[in-house]
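Engineer: Heads up, the sequence shown is in my numbering, so the first residue is 16 and it goes up one at a time.
Yeah, the Cβ is synthetic: ideal placement off N, Cα and C, and Gly gets one too.
A quick note: this is a predicted structure, and the numbers were derived from the prediction, not measured.
This is the structure I have questions about; it appears just below.
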Amino acid sequence: MQDKLSFQDILHKGGEILKQAGINCSGTDAWYLLEYVTGMDRAEYFLKKNDAAPLWAVKKYQELIDTRASHMPLQYITGSQEFMGLIFKVSEDVLVPRQDTETLVEYVLPFVKDRHILDMCTGSGCIAISLAKLGSPALCTAADYSVKALETARLNARLNGVNIKFVQGDMFENITGNYGVIVSNPPYIRTGVIDTLMPEVREHEPRMALDGGKDGLFFYRIITSQAKKHLEPGGIIAVETGHDQGEWVKSIFEESGYKDVCIQKDLCGNNRVVAAVMP
């Protein structure tokens with residue numbers, strides 16, 4: 016890119032660079048980066064699209080386009096992601112919150128009012144914070160093994176104005192007390208599949224938050240076993256699953272003695288959430 020180019024020129028060029036780099040939704044990402052650099056919304060852009068872009072904006076935009084062309088996730092470049100209508104800070108220490116996970120939050124929301132809830136493997140904190148903000152639980156605890164992930168989650172809790180207790184530890188090792196709702200989006204990608212994922216995921220998102228063991232079910236077995244010590248009778252437990260894992264996870268819950276085990280589908284019709292009740 017050169018100076019004395021219009022906003023429309025640099026947007027077009029940015030989209031072309033991303034397209035040539037094999038970036039999905041290249042035009043959309045090019046726009047989001049222009050919006051991030053300039054602060055312009057769509058309406059302002061259409062009023063100013065033929066204006067000359069200032070040199071600082073051209074240089075900054077080129078830098079971010081080149082970064083995105085290297086397959087760095089857009090959200091790690093801008094440092095944020097929307098989830099459940101809330102804004103979350105993200106970095107390479109946490110998974111980028113995804114729409115699939117909103118299915119889990121939406122399922123659990125009706126059950127959390129005035130109850131103690133536990134979010135296991137909280138990552139960015141998007142599940143716990145959304146439930147605390149939208150569901151009015153009596154108490155919300157969020158746990159993760161990663162210290163850096165918990166730093167991000169604490170920041171997101173402050174930014175979204177919710178009070179959450181954060182616990183660092185290997186799964187349930189430092190969890191005490193009982194809960195009316197336990198929720199989790201654990202690592203569930205099969206170890207052998209991770210290296211076949213798109214580069215945005217395999218090269219940038221934390222492997223610790225992806226790797227679910229040889230069959231992808233390692234953490235579901237831990238959760239179903241250990242949650243029994245902390246879930247109140249009649250309490251709800253719900254987990255996100257991969258699109259092809261619902262029936263396997265359902266069987267793990269049933270074999271562990273939970274009742275009313277059910278599978279919930281996401282907006283694309285894929286199995287996405289397995290939920291059950293503590294006897």
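Assuming Asp159 is part of the alpha helix (DSSP H), what are its boundary residues?
Structural biologist: In the sequence shown, counting from the first residue as 1, residue 159 sits at position 144. Run containing Asp159: none in the alpha helix (DSSP H); it sits in the beta strand (DSSP E), 154-159.
Engineer: Taking the C-alpha atoms as reference points, what is the distance between Gly184 and Gly42?
Structural biologist: One-based indexing of the sequence shown puts residue 184 at position 169. One-based indexing of the sequence shown puts residue 42 at position 27. Roughly 41 Å separates the two Cα atoms.
Engineer: Out of Ala290, Met99, Glu188, His258, state which residue places its alpha-carbon closest to the alpha-carbon of Lys265.
Structural biologist: As a working mapping, residue 265 is identified with position 250 in the sequence shown. Selected option, being the one with the closest Cα: Ala290.
Engineer: Give the range of the alpha helix (DSSP H) segment to which Gln23 is assigned.
Structural biologist: Position 8 of the sequence shown holds residue 23. It spans 22-35 - the alpha helix (DSSP H) in which Gln23 sits, taken as one unbroken run.
Engineer: From the DSSP output, read off the bridge partner residues of Leu133.
Structural biologist: In the sequence shown, counting from the first residue as 1, residue 133 sits at position 118. Leu133 is bridged to Thr156, Ile197.
Engineer: Please classify Gln279: does DSSP put it in a helix, a strand, or coil?
Structural biologist: Counting from 1 along the sequence shown, the entry for residue 279 is found at position 264. Secondary structure at Gln279: strand, using DSSP grouped into helix, strand and coil.
Engineer: Do you know offhand how far Ile278's Cα is from Asn200's?
Structural biologist: Sequence index remark: in the sequence shown, residue 278 carries index 263 (1-based). Sequence index remark: in the sequence shown, residue 200 carries index 185 (1-based). When rounded, the distance between both Cα atoms is 15 Å.
Engineer: Mind checking Ala143: buried by the 16 CB within 10 Å criterion, or exposed?
Structural biologist: Here residue 143 refers to the residue found at position 128 of the sequence shown. Per the 10 Å Cβ criterion, buried.
Engineer: Pairs of beta-carbons, one from the segment 193-210 and one from the segment 71-87, closer than 8 Å: are there three or more?
Structural biologist: At 8 Å Cβ cutoff, the stretches do not touch.
Engineer: Taking C-alpha atoms, which residue in Glu215, Gly140, Gln260 lies nearest to Gly176?
Structural biologist: The residue given as residue 176 occupies position 161 in the sequence shown. Looking at the Cα atoms, Gly140 is the closest of the given residues.
Engineer: If you draw a straight line from the alpha carbon of Pro125 to that of Ile25, how long is it in whole angstroms?
Structural biologist: One-based indexing of the sequence shown puts residue 125 at position 110. One-based indexing of the sequence shown puts residue 25 at position 10. Those two C-alpha atoms are separated by around 46 Å.
Engineer: Distance check for Glu50 and Phe187, CA to CA, integer angstroms please.
Structural biologist: Within the sequence shown, numbered from 1, the residue matching residue 187 stands at position 172. Within the sequence shown, numbered from 1, the residue matching residue 50 stands at position 35. Their backbone Cα atoms lie some 42 Å apart in a straight line.
Engineer: For the segment 232-239 against the segment 214-221, are there 3 or more C-beta pairs whose distance is under 8 Å?
Structural biologist: no
Engineer: Of the residues Thr211, Ser145, Ile209, which one's Cα is nearest the Cα of Ile8?
Structural biologist: This structure cannot speak to residue 8, because the chain is shown only from 16 to 294.
Engineer: Spatial neighbours of Ser85 within its chain, please: CB distance less than 7 Å, with the 5 preceding and 5 following residues excluded, ordered by chain position.
Structural biologist: On the sequence shown, position 70 is the one that residue 85 refers to. Answer for Ser85: no residue qualifies.
Engineer: Determine the direct distance from the alpha carbon of Lys243 to that of Asp39, and round the result to whole angstroms.
Structural biologist: Here residue 39 is taken as the residue at index 24 of the sequence shown, counted from 1. Here residue 243 is taken as the residue at index 228 of the sequence shown, counted from 1. According to the sequence as given, residue 39 is Asn; it is not Asp. So the alpha carbons of these two residues sit roughly 42 Å apart.
Engineer: Classify Gly249 as buried or exposed, calling it buried when 16 or more other Cβ atoms lie within 10 Å of its own Cβ.
Structural biologist: Numbered from its first residue, the sequence shown carries residue 249 at position 234. It counts as exposed.
Engineer: Grab the span of the alpha helix (DSSP H) containing Gly150 for me, first residue to last.
Structural biologist: Position 135 of the sequence shown holds residue 150. Here the alpha helix (DSSP H) through Gly150 covers 141-150.
Engineer: Here's the rule: buried if 16 or more other CB atoms are within 10 angstroms of the residue's CB, otherwise exposed. What is Gly297?
Structural biologist: There is simply no residue 297 to check, as the chain begins at 16 and stops at 294 in what is shown.
Engineer: Does DSSP put Ala68 in a helix, a strand or coil?
Structural biologist: Taking the sequence shown and counting its residues from 1, the one referred to as residue 68 is at position 53. Note: Ala68 maps to coil in three-state DSSP.
Engineer: So what's Leu246 in DSSP terms, helix, strand or just coil?
Structural biologist: Sequence index remark: in the sequence shown, residue 246 carries index 231 (1-based). Correct three-state label for Leu246: strand.
Engineer: If you pair each beta-carbon of the segment 101-121 with each one of the segment 151-171, do three or more pairs fall below 8 Å?
Structural biologist: yes
Engineer: Hey, Met99 and Val120 are a contact pair by Cβ (cut 8 Å); roughly how many whole angstroms apart?
Structural biologist: Here residue 99 refers to the residue found at position 84 when the sequence shown is read from its first residue. Here residue 120 refers to the residue found at position 105 when the sequence shown is read from its first residue. Rounded, the Cβ-Cβ distance is 6 Å, consistent with contact.
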